[in-house]
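Protein chains in written order, with our numbering: chain E, 3 to 273; chain G, 1123 to 1285.
Beta carbons: idealized from backbone N, C-alpha and C, even for Gly.
Data first, discussion second: the structure below is written as structure tokens.
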């Protein structure tokens, strides 16, 4: 909360925590970010504070685990992350306006591109709106004010795009089962997409501007998306609502779980 | 309303209390007491979750005043079991006990306010809400958290090297 000239000093720990927790706003946030962009020492301090925070969270997660959470998940293997940590992270409530996998298990039960033909079918629309509505309610628990989408709005659209950068992730059509794990781990500035869970899973370098994933209704594929470290906040756009994923969310392996689509889904391909 | 609140907040509250006290039994008691107090409110609080955590934090404070010895005993009764002679059983249990012991020992040097701020942050609370629970200003929560994070990380690192 100091107001001194940042040209003459560095960010202190309190300011760094406020910054990484998304507690700084307006002019204060701009001043700190401007300073950060030109100060290597403060950049290191911010990175160190984030790393400390992550370490503490990981140990707390490990200490909380219950025996039934000790089971391997394919994505844990794919990510080189312990299954326990992944499970614990999925179970924990989100930080800040955070979206953890828990709320999005339901919200992302079905992920559709705005122009996907299936959306033109009223039955599918209702099913999607129902799932999205449930997810939205859960997000509202995290004290983000959202209205439950109505039948005629665009709440069925889910896409990711950066708040400041250039990365866009769109996921389209119905997914039967699987996960999308998003990490900000790529050191070389390239976004890399891995599909599947086996050792021979294909790896694709995708454009820095974004990617669109198209699933089949019967797909059980999982995706691991490594975003460049330079990617800043990611904005989740759900209809007209926008929710920000901060650095910590992405570093902490943001997981979007995709539920099985019921066989009797009206309007589903093949139905 | 209360049933809904229980379904939503009981698990996070008990997890928070277990981390804060290091004593799962005490945590369960205090979580239950917090919900009993919620039930007895004539007018339910507008924001239930912050209210519950604030009440629970106060209960921990009161409990620590009246039974400091119990906390100390509870903590120490668990620590040697991991470092000295782990109980037989699946690797999972040993690993979890090791993690618990490490975490409790790393959080022990933190002041009560630092520990509370850090654990409430882990549960996703805003600095304003943490400040309300601690009876302090929002600005000083950043300072508390900065100190808490550095201290806990340093002790975790030292304890990992030891073990």
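query, result
"Cβ neighbours of residue 1257 of chain G in the same chain (closer than 6 Å, five flanking residues each side left out)", "none"
"N-terminal and C-terminal residue of the alpha helix (DSSP H) that residue 1157 of chain G is part of", "1146–1161"
"C-beta neighbour in chain E for residue 1216 of chain G, strict 8 Å", "no"
"Under 7 Å from the C-beta of residue 61 of chain E: neighbouring residues of chain G", "1221, 1224, 1225 and 1278"
"Environment of residue 1276 of chain G [buried if 16+ CB atoms lie within 10 Å]", "exposed"
"Alpha helix (DSSP H) segment containing residue 36 of chain E, residue limits", "28–40"
"Three-state secondary structure assigned by DSSP to residue 196 of chain E", "strand"
"The stretch 1224–1232 of chain G in contact with the stretch 1149–1167 of chain G per 3-pair CB rule at 8 Å", "no"
"Neighbourhood of residue 1156 of chain G by C-beta, 6 Å cutoff - its chain only, sequence neighbours within 5 removed", "1174, 1177 and 1178"
"6 Å Cβ shell around residue 21 of chain E - same chain, five flanking residues per side excluded", "34"
"Local Cβ density within 10 Å of residue 1254 of chain G, reported as buried at 16 or more and exposed below that", "buried"
"Residues that residue 1256 of chain G contacts on chain E, provided the C-beta gap is smaller than 9 Å", "Here the premise fails: no neighbours, minimum Cβ distance about 15 Å."
"Bridge partners - residue 207 of chain E, DSSP secondary structure assignment", "E/194"
"Coil, strand or helix - residue 1262 of chain G by DSSP", "helix"
"Where residue 1249 of chain G meets chain E, residues with beta-carbon distance less than 9 Å", "19, 20, 23 and 25"
"Outcome for residue 1126 of chain G when other beta-carbon atoms lying within 10 angstroms are tallied against a minimum of 16", "exposed"
"Minimum Cβ-Cβ distance from residue 1244 of chain G to chain E less than 8 Å", "yes"
"is_contact[residue 64 of chain E, chain G] using C-beta, thresh 8 Å", "yes"
"Interface flag, residue 1272 of chain G vs chain E, CB-CB below 8 Å", "yes"
"Any C-beta of chain E under 8 Å from that of residue 1264 of chain G", "yes"
"Contact between the stretch 1256–1270 of chain G and the stretch 43–50 of chain E (3+ Cβ pairs under 8 Å)", "no"
"Residues of the stretch 34–62 of chain E with Cβ closer than 7 Å to any Cβ of chain G, in chain order", "51, 54, 55, 57, 58, 59, 61 and 62"
"Cβ contact check for the stretch 1160–1168 of chain G and the stretch 1137–1146 of chain G: 3 or more pairs under 8 Å", "no"
"Alpha carbon of residue 40 of chain E to alpha carbon of residue 14 of chain E, nearest angstrom", "16 Å"
"Nearest-angstrom Cα separation, counted from residue 10 of chain E out to residue 1237 of chain G", "32 Å"
"Chain-order list of residues whose beta-carbon lies under 6 Å from that of residue 1146 of chain G (same chain, five-residue window excluded)", "1140"
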